[in-house]
Amino acid sequence: MTGDRLKTVRKYLKMNQQEMGDALKVNASAISQMENNHIKPSLDTLIQLTKTFDVDLHWLLTGKGDMFMKMSSKRSSDPSKNLRKLKAFINDELMSLVDVKESNLMAEAYDIPVMGEIAAGPAVETTDSVLDVVSVRRSMLHGTIADYICLRVNGHSMEPDVLHNDVVIIRKSSDWERLNGAVCAIRIDGSITLKKLSMDNRRKLILLLPINEDYAPIVVDPNDHEDVSLIGSLHYLYRKMN
């Protein structure tokens, strides 16, 4: 399937899902869903892949021939014939993508991969590995599925509202002022944490507040870090009941 071939290309290029997503201008969770054949890559994504890494589009769509155009071009004896075949394959793929899009629009739920962990305590690094998959009703999401990221909580600083091992759905946003006072996911030098956001505009500091009184607030001076960025706010959480 196309997703399997996408994964083959990524592994060959020794890239993780975040790096591949950056190159193709999609998020890492979308790459994961494509590779696991939960969604089909758009034609724009496939074309971007061919332009960026010289991957043969015919191979991507059919699995036939060589992975890279440099290899296949040496054996191409009739360019016009190959072009006609490629156009036919692209047309078939477009029709398939339309069917998938209509199917997704009619679906009552989306499957969202749990892409690593988020700390409820000191910030920890996340990974591009899929820990689990949760089903989310369409009515719970605003915008598109690409506007969200799903992570598992590791730690106790947000208890009792958010528990260790809860799965949180974060709605992406970089609007610090609008999310002031909300429970947010914040990246600090490559690691992420879940805290209540409080902006100290006078001192130009960011306060990350726990709910659990046993934990101390985290005071962040952006000047002391290479990267302080807002991922988004807590939109929903899932909790397994034992």
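Take the sequence shown: its letters are residues 213 to 454, numbered as in my numbering.
Glycine included, C-beta positions come from ideal geometry on N, C-alpha and C.
- Message: Looking at the strands, I want to know which residues DSSP matches up with lysine 408.
- Response: Val395 and Leu421
- Message: From the DSSP secondary-structure annotation, give me the bridge partner or partners of alanine 377.
- Response: The sequence as given places asparagine at residue 377; alanine does not occur at that position. In the DSSP output, where bridge partners are listed per residue, asparagine 377 has none listed.
- Item | serine 254 (DSSP reduced to helix, strand or coil) | coil
- Message: Determine whether the beta carbon atoms of leucine 446 and valine 379 lie at a separation below 8 Å.
- Response: no
- Would you mind stating whether leucine 236 and leucine 261 have Cβ atoms separated by less than 8 Å? yes
- Query: Between Leu269, Lys223, Ser369 and Ile357, which lies nearest to leucine 406 when the distance is taken from Cα to Cα?
  - Reply: Ser369
- Helix, strand or coil at glycine 215 [DSSP, three-state]: helix
- Task: Please confirm whether any heavy atom of the ligand NAD lies closer than 7 Å to the CB of methionine 370.
- Result: Among the components of this structure there are no ligands whatsoever, and the ligand NAD is therefore not found.
- Query: Nearest to alanine 331 by alpha carbon, out of Leu421, Ala240, Gln229 and Arg217?
  - Reply: Leu421
- Give the C-beta separation of valine 440 and leucine 417 to the nearest angstrom, bearing in mind that I take them to be a contact with Cβ-Cβ under 8 Å. That pair is no contact at about 11 Å.
- Item | Close beta carbons around threonine 220, own chain, < 8 Å, minus the five adjacent residues each side | Met279
- With a threshold of 16 other CB atoms inside 10 Å of the CB of histidine 270, please say whether the residue is buried or exposed. buried
- Query: Going by DSSP, what residues sit across from isoleucine 330 in a beta bridge?
  - Reply: Val365
- Query: How close, in whole Å, do the beta carbons of tyrosine 448 and isoleucine 381 come, if the pair is a contact with beta carbons under 8 Å?
  - Reply: 4 Å
- Minimum C-alpha distance to methionine 327 - residue among Leu218, Asn392, Asn228 and Pro372: Asn228
- Message: Tell me which residues share the same chain as asparagine 435 and place their Cβ nearer than 7 Å to its Cβ, disregarding the 5 neighbours each side in the sequence.
- Response: none
- Query: Anyone know if the C-beta pair for leucine 272 and arginine 222 falls short of 8 Å?
  - Reply: no
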